[in-house]
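The listed protein sequences derive, respectively, from chains R and A.
Residues in the first sequence are numbered from 577 upward in steps of one, following our numbering.
Residues in the second sequence are numbered from 450 upward in steps of one, following our numbering.
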Amino acid sequence: MKGNVIKYQRDNIDTDVIIPGQYLKIHDYSELATHAMEGLDPNFHSKVKEGDFILSGKNFGCGSSREHAPIALSHSGIKAVLALSFARIFYRNAVDGAFLLPIEIDEFAYEHISEGDEINIDITSNEIKNITKNQTYKMKPFSEIIGKIIEAGGLFKYKPD
Amino acid sequence: MVSSNTNQIRIKMGKTLFEKIWDAHVVVNKENSPSLIYVDRHLVHEVTSPQAFDGLRMNHRSVRRPDLTIATMDHNVPTNDRSLPILDQTSAIQIQTLEKNCKDFGIQLFDINSPNQGIVHVIGPQLGITLPGSTIVCGDSHTSTHGAFGALAFGIGTSDVEHVLASQTIWLEKPRSFEIRVEGKRKNPHAVTAKDIILSIIKNIGTAGGTGTIIEYTGEGISDLSMEERMTICNMSIEGGARAGLVAPDEKTFDYLRNRKYTPKNYESLVTYWKENLKTDIDAKFSKSFTLNIDNIAPQVSWGTNPGMTCDVTESIPTPEDYSKGDQNQKKAAEKALEYMDLKSGTPITEIKIDRVFIGSCTNARLDDLIEASKVIKGQKVSQNVRAMVVPGSQMVKKQAEEMGIDKIFTDAKFEWREAGCSMCLGMNPDILSPGERCASTSNRNFEGRQGVGGRTHLVSPVMAAAAAVEGHFVDVRELDLK
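Structure, rendered in structure tokens:
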């Protein structure tokens, strides 16, 4: 999975800035996507491209249980969020609907990956390759069950053994 | 022969309250895999449910246990005159959609005109739907509120809402347990409230301090609290990163739930069972623990853009250096927060002037919250530069307060007295801040834009909010004569 990075160097990016409350009434996902990250970065919608990744610090997605948060990012084209850690409900929502991959990275990767870098994420070898900088980083492997749900394409497509 | 399987030779240990509730609800348990957990109560509101019902229809599924599913509308509803039409078309549609979904799937709904309508986490306990030892889910992160009754209650996203509607179960990896022990006694419980206790806890453990855990609040500082105060504590567990927080039930819990509208008929025999079973064993081990002594804690005021950015009312706005203690990300976050909040380091909290006051939300809009706040403003007037509103957590709270004449105290002081709903806790109904407005708010989140684009939120207790409304700036309510 190859794409470019949009970096927000901060912790605690909450669901209210990912998709502000006033848009939770919107039923159409492509319209919802036009307001993604609006609370933090009003330019996000104009700069995001299909296949991009978000890179951020600790506790990404904290706050409300709104599934609109991973949905808005996903329908903006975001395929994965790389963060030092995730709030649990966001992580779960992202996987449940197979909206995007929540990938836990280490401090080294967080520091060295820059805005605009082209990276390749390989979830079978758990490696992130920075094509721009010619570096390789480790990612935290998904637990077996999360891996299976992702592979199946979400909670409803996953059939337990 | 000694078995090599450590599970078999492990000495039997006591269990925490959370583990007991968990074990009693496991439907499927496999090693190194999530467990399938039975859900006793599923609360539904209009914002996180429409796609879940669409999913059921698409797959020709029904609701597995409509009798265990209860719905109300709270997030979108305007809090002005209920006889007026809802002007925001998208809100009106979301509300009508919930009405249709509840009708189609046979779910009990407390609609906008019901005397039982209100914030879902306020009406659950009031109606006796919330019970000790039960599992409760809702598509809302503040479901943790119900943990005050010794329930395992947590928020879920819309896919999980659909899963619970269809199966009455949820897949869950077993969280770790976290004991937060609250010791000591507050010198003035009218001035230093449950809100100040939970904000102090979050200030100490941080907004991710409880990630992956279920908190059990223990100690004298918790058992001394009323049920309403315990709800305020458990409500904000999610702000400390925990999925849920709970308190072992005691006589206060059992008394609160006796004779409610939906209190089970065999209530006394349930109480006997709960008394025996719903407590953490003496020899149980928590994965993590934190202790707070509340002998000398002060009223709290948040100054930043997450609930961990909080200080005593007697303090000044910290410098990013002092706040971050060497963490570069934290320092940057504090700088951004001060910029957003338009505050300068070194400014005393009591010199911060406010434009708006909001007394409401699932954190602090219960009857006691309103009574306590009314004591501060009795015979006073809202400062002329401030617009202040009170939004009762439910229509039942509103009615009770009106019967006691509390509404009159607020309206005499020039507070707006409104209908029940989430209101200005989150900017998705007509009650919002204008850009740049600064609000003393009894809600739970001070995130950027939470109360409206560009709005600035300071989280405080109801008495702190009421006093700020009168003075036009924050004051230390310990200096007031509160009884």
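Even glycine gets a Cβ: it sits at the ideal position worked out from N, Cα and C.
Chain R contact for residue i (CB, 8 Å cutoff)
i, result
"residue 617(A)", "no"
"residue 827(A)", "no"
"residue 478(A)", "no"
"residue 540(A)", "yes"
"residue 502(A)", "no"
"residue 721(A)", "no"
"residue 490(A)", "no"
"residue 927(A)", "no"
"residue 783(A)", "no"
"residue 609(A)", "yes"
"residue 775(A)", "no"
"residue 590(A)", "yes"
"residue 467(A)", "no"
"residue 766(A)", "no"
"residue 455(A)", "Here the model assigns residue 455(A) a pLDDT of 46, short of 50, so the residue's position is not dependable and the matter cannot be decided."
Closest Cα partner of residue i within the set the options
i, options, result
"residue 829(A)", "915(A), 565(A) and 722(A)", "915(A)"
"residue 672(A)", "712(A), 700(A) and 781(A)", "700(A)"
"residue 909(A)", "846(A), 750(A) and 762(A)", "750(A)"
"residue 875(A)", "919(A), 808(A) and 824(A)", "808(A)"
"residue 501(A)", "603(R), 593(R), 598(R) and 686(R)", "603(R)"
"residue 701(R)", "601(R), 724(R), 717(R) and 616(R)", "717(R)"
"residue 687(R)", "626(R), 731(R), 709(R) and 734(R)", "709(R)"
"residue 536(A)", "895(A), 882(A) and 878(A)", "878(A)"
"residue 538(A)", "532(A), 525(A), 531(A) and 550(A)", "525(A)"
"residue 866(A)", "690(A), 703(A), 540(A) and 814(A)", "814(A)"
"residue 642(R)", "499(A), 530(A) and 518(A)", "499(A)"
"residue 642(A)", "745(A), 842(A), 904(A) and 857(A)", "745(A)"
"residue 634(A)", "768(A), 624(A), 670(A) and 534(A)", "670(A)"
Chain A contact for residue i (CB, 8 Å cutoff)
i, result
"residue 665(R)", "yes"
"residue 600(R)", "yes"
"residue 721(R)", "yes"
"residue 619(R)", "no"
"residue 593(R)", "yes"
"residue 585(R)", "yes"
"residue 716(R)", "no"
"residue 603(R)", "yes"
"residue 682(R)", "no"
"residue 596(R)", "yes"
"residue 634(R)", "yes"
"residue 582(R)", "no"
"residue 615(R)", "yes"
"residue 710(R)", "no"
"residue 606(R)", "no"
Beta strand (DSSP E) segment containing residue i, residue limits
i, result
"residue 487(A)", "484 to 487"
"residue 907(A)", "905 to 908"
"residue 490(A)", "490 to 493"
"residue 647(R)", "Where residue 647(R) is concerned, there is no enclosing beta strand (DSSP E), although the alpha helix (DSSP H) it sits in stretches over 644 to 651."
"residue 743(A)", "Careful: residue 743(A) lies outside any beta strand (DSSP E) and carries neither H nor E."
"residue 877(A)", "That residue, residue 877(A), is in no beta strand (DSSP E); it is neither H nor E in DSSP."
"residue 736(A)", "Residue 736(A) -> no beta strand (DSSP E), and no H or E assigned at all."
"residue 849(A)", "Element bounds for residue 849(A): not the beta strand (DSSP E) but the alpha helix (DSSP H), 844 to 853."
"residue 931(A)", "Here residue 931(A) belongs to no beta strand (DSSP E), and DSSP marks it neither H nor E."
"residue 502(A)", "Unbroken run through residue 502(A) is the alpha helix (DSSP H), 499 to 507; no beta strand (DSSP E)."
"residue 577(R)", "Counting along the chain, residue 577(R) falls outside any beta strand (DSSP E), and DSSP gives it neither H nor E."
Unbroken alpha helix (DSSP H) run spanning residue i, endpoints
i, result
"residue 648(A)", "643 to 654"
"residue 720(R)", "720 to 728"
"residue 554(A)", "538 to 554"
"residue 825(A)", "816 to 826"
"residue 757(A)", "Looking at the DSSP string, residue 757(A) is not in any alpha helix (DSSP H), and its letter there is neither H nor E."
"residue 711(R)", "Counting along the chain, residue 711(R) falls outside any alpha helix (DSSP H), though it belongs to the beta strand (DSSP E) covering 711 to 714."
"residue 669(A)", "669 to 672"
"residue 683(A)", "676 to 684"
"residue 470(A)", "466 to 474"
"residue 913(A)", "911 to 920"
Inter-residue CB distance, residue i and residue j (contact presumed, cutoff 8 Å)
i, j, result
"residue 609(R)", "residue 636(R)", "Wrong, their Cβ atoms sit about 18 Å apart, outside the cutoff."
"residue 844(A)", "residue 869(A)", "5 Å"
"residue 913(A)", "residue 748(A)", "5 Å"
"residue 891(A)", "residue 763(A)", "Contact flag wrong, Cβ pair sits at about 20 Å."
"residue 800(A)", "residue 922(A)", "6 Å"
"residue 577(A)", "residue 512(A)", "Not really, about 22 Å apart at Cβ, beyond 8 Å."
"residue 760(A)", "residue 769(A)", "Contact doesn't hold; Cβ gap of about 13 Å is too wide."
Every unbroken beta strand (DSSP E) inside the segment 559 to 597 of chain A [3 residues or more]
584 to 587
If we require 4 or more residues per run, which alpha helix (DSSP H) segments fall completely within the segment 634 to 694 of chain R?
644 to 651, 664 to 672 and 683 to 688
Beta strand (DSSP E) runs wholly inside the segment 508 to 532 of chain A, at least 3 long, in chain order:
518 to 521
In chain order, what are the residue ranges of uninterrupted beta strand (DSSP E) at least 3 long that sit wholly in the segment 595 to 620 of chain A?
601 to 604
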